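Each remark here refers to the structure printed beneath this line.
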Amino acid sequence: MIDLNLIRESRERIGDIVKRTPIMTSETISNDTGNELFFKCEHLQKTGAFKIRGASNKVIHEAQKNTDHVIAASSGNHGQAVAYIANQLGISSTIVVPEDAVACKKDAIRAYNGNLEFCGTTSEERIERAKQISQDGKAVFIPPYDDPFIMAGQGTAGLEILEQVNDIDEVYVPIGGGGLISGVATAIKETNPRIRVIGVEPAIANDTYVSLKEGKRINKGASTTIADGLRTSIPGELTFPIIQRYVDDIVLVDEESIKQSFSYVLTRMKQLIEPSGAVSVAGALKRKPEGKRIVALISGGNIDGDAIPKLLI
Ligand SMILES: *Cc1c(COP(=O)(O)O)cnc(C)c1O
Numbered sequence: 001m002i003d004l005n006l007i008r009e010s011r012e013r014i015g016d017i018v019k020r021t022p023i024m025t026s027e028t029i030s031n032d033t034g035n036e037l038f039f040k041c042e043h044l045q046k047t048g049a050f051k052i053r054g055a056s057n058k059v060i061h062e063a064q065k066n067t068d069h070v071i072a073a074s075s076g077n078h079g080q081a082v083a084y085i086a087n088q089l090g091i092s093s094t095i096v097v098p099e100d101a102v103a104c105k106k107d108a109i110r111a112y113n114g115n116l117e118f119c120g121t122t123s124e125e126r127i128e129r130a131k132q133i134s135q136d137g138k139a140v141f142i143p144p145y146d147d148p149f150i151m152a153g154q155g156t157a158g159l160e161i162l163e164q165v166n167d168i169d170e171v172y173v174p175i176g177g178g179g180l181i182s183g184v185a186t187a188i189k190e191t192n193p194r195i196r197v198i199g200v201e202p203a204i205a206n207d208t209y210v211s212l213k214e215g216k217r218i219n220k221g222a223s224t225t226i227a228d229g230l231r232t233s234i235p236g237e238l239t240f241p242i243i244q245r246y247v248d249d250i251v252l253v254d255e256e257s258i259k260q261s262f263s264y265v266l267t268r269m270k271q272l273i274e275p276s277g278a279v280s281v282a283g284a285l286k287r288k289p290e291g292k293r294i295v296a297l298i299s300g301g302n303i304d305g306d307a308i309p310k311l312l313i
């Protein structure tokens with residue numbers, strides 16, 4: 001399993017690749033909500049999302065074992081990150097994407113010399129296909145979330161949050177397969193257990209919420225949420241126990257509130273983020289604590305230009 005030390009080691013490994021992303025504040029949003037809000041800006045991360053943290057941690061580790069081809073299954077951001085780091089290290093990458101992947105994410109993968117392979121719409125279908133190709137072609141499979149190197153790499157965002165904001169009460173993190181929150185929660189809870197870690201899921205992609213209630217991993221099937229990074233059907237085998245242990249609460253947000261938060265961040269903060277990135281903000285606005293110092297992790301900013309009008313409220 002992962003721990004604080006593994007996350008610190010990961011930071012050493014990926015330090016030359018990833019950015020230490022800024023924290024932003026908005027007086028308007030803070031005043032509106034009666035809290036002090038801080039935004040961890042992973043939409044300004046290299047490749048436009050936090051995924052490069054875990055992907056570079058894993059791919060650098062594999063490249064040190066002389067791997068020359070990696071393969072990933074991804075709705076986009078993980079694939080983009082794997083293609084980017086593979087290109088940097090001079091090794092080849094194949095990325096299996098859903099048939100309905102957004103254009104900007106596909107273009108970015110191509111720009112990083114990644115080979116695109118199309119398959120189905122659910123993460124299970126893609127992972128299956130990627131594993132199959134990896135067996136046929138001896139490429140190493142880079143999982144999107146369910147892997148200690150990936151989880152620990154994502155956790156480096158948590159270390160930065162702890163250094164950048166003091167006296168934090170709550171941290172809001174979106175949940176897809178749970179790689180991000182398991183890393184971030186480990187970094188935070190093993191440093192300061194008093195900080196509350198709150199997961200946020202779209203109400204129509206609530207697999208982690210339901211799984212926590214039932215005490216076991218539940219497969220909810222494919223979701224159509226506009227937060228395309230959070231459509232995972234089931235929490236990971238490795239991520240779920242960490243979520244059970246370290247996540248204090250889960251907030252569910254509806255599609256309309258994701259759009260509202262997207263618009264809010266765009267108009268108040270002048271930041272263009274993707275719907276998955278707006279989910280943590282929607283969670284903080286919905287749960288409505290009072291007089292707290294809150295960090296919302298904005299997870300990514302990859303969005304097609306023509307998707308913007310549909311999100312504006
Ligand atoms: C992948 C992704 C998530 C979810 O991360 P998990 O590690 O799968 O929980 C959230 N936001 C964005 C922008 C993503 O790309």
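FYI, in UniProt numbering the residues of the sequence shown are 1 to 313.
Think of the CB as a built atom: it goes at the ideal place given N, C-alpha and C, for glycine as much as any other residue.
Bear in mind that the values here come from a model prediction, so they are computed numbers and not experimental data.
Other residues of its chain near residue i: CB distance less than 7 angstroms, five sequence neighbours each side excluded
{"i": "F141", "result": "I71, A130, K131, S134"}
{"i": "S276", "result": "P174, A227, D228, G229, L230, S299, G300"}
{"i": "S261", "result": "A278, V281, A282, L285"}
Cβ shell of residue i (< 6 angstroms), same chain only, five flanking positions each side left out
{"i": "D254", "result": "A203"}
{"i": "L4", "result": "E190"}
{"i": "K259", "result": "L311, I313"}
{"i": "S10", "result": "N57, A152, G153, T156"}
{"i": "S93", "result": "V70, V82, A83, A86, G114"}
{"i": "E125", "result": "C119"}
{"i": "K286", "result": "V251, V253"}
{"i": "S257", "result": "A282"}
{"i": "S123", "result": "T232"}
{"i": "I161", "result": "K40, V295"}
Whole-Å CB distance - residue i paired with residue j, under 8 angstroms assumed
{"i": "Y172", "j": "V200", "result": "6 angstroms"}
{"i": "G221", "j": "G300", "result": "Not confirmed; about 24 angstroms, so no contact."}
{"i": "residue 314", "j": "A139", "result": "The question about residue 314 has no answer, for the chain in this structure spans 1 to 313."}
{"i": "G48", "j": "N302", "result": "4 angstroms"}
{"i": "S30", "j": "R268", "result": "Wrong, their Cβ atoms sit about 10 angstroms apart, outside the cutoff."}
Close-in-space but distant-in-sequence residues of the same chain around residue i (CB under 8 angstroms, 5 per side omitted)
{"i": "E237", "result": "D146, R217"}
{"i": "P241", "result": "M1"}
CB contact flag (residue i, residue j, <8 angstroms)
{"i": "L180", "j": "F50", "result": "yes"}
{"i": "G183", "j": "G158", "result": "yes"}
{"i": "A103", "j": "D304", "result": "yes"}
{"i": "F38", "j": "V295", "result": "yes"}
{"i": "S56", "j": "G153", "result": "yes"}
{"i": "L89", "j": "A63", "result": "yes"}
{"i": "G178", "j": "T239", "result": "yes"}
{"i": "K289", "j": "E99", "result": "First, the residue type needs correcting, since residue 289 is Pro and not Lys in the sequence shown. For P289 and E99, no; Cβs fall outside 8 angstroms."}
{"i": "R293", "j": "I168", "result": "yes"}
Neighbour-count burial assignment, residue i, 16 or more Cβ in a 10 Å radius
{"i": "M1", "result": "exposed"}
{"i": "R53", "result": "buried"}
{"i": "residue 315", "result": "Absent from the model: residue 315. The displayed extent of the chain is 1 to 313, so no value can be given."}
{"i": "T232", "result": "buried"}
{"i": "R13", "result": "buried"}
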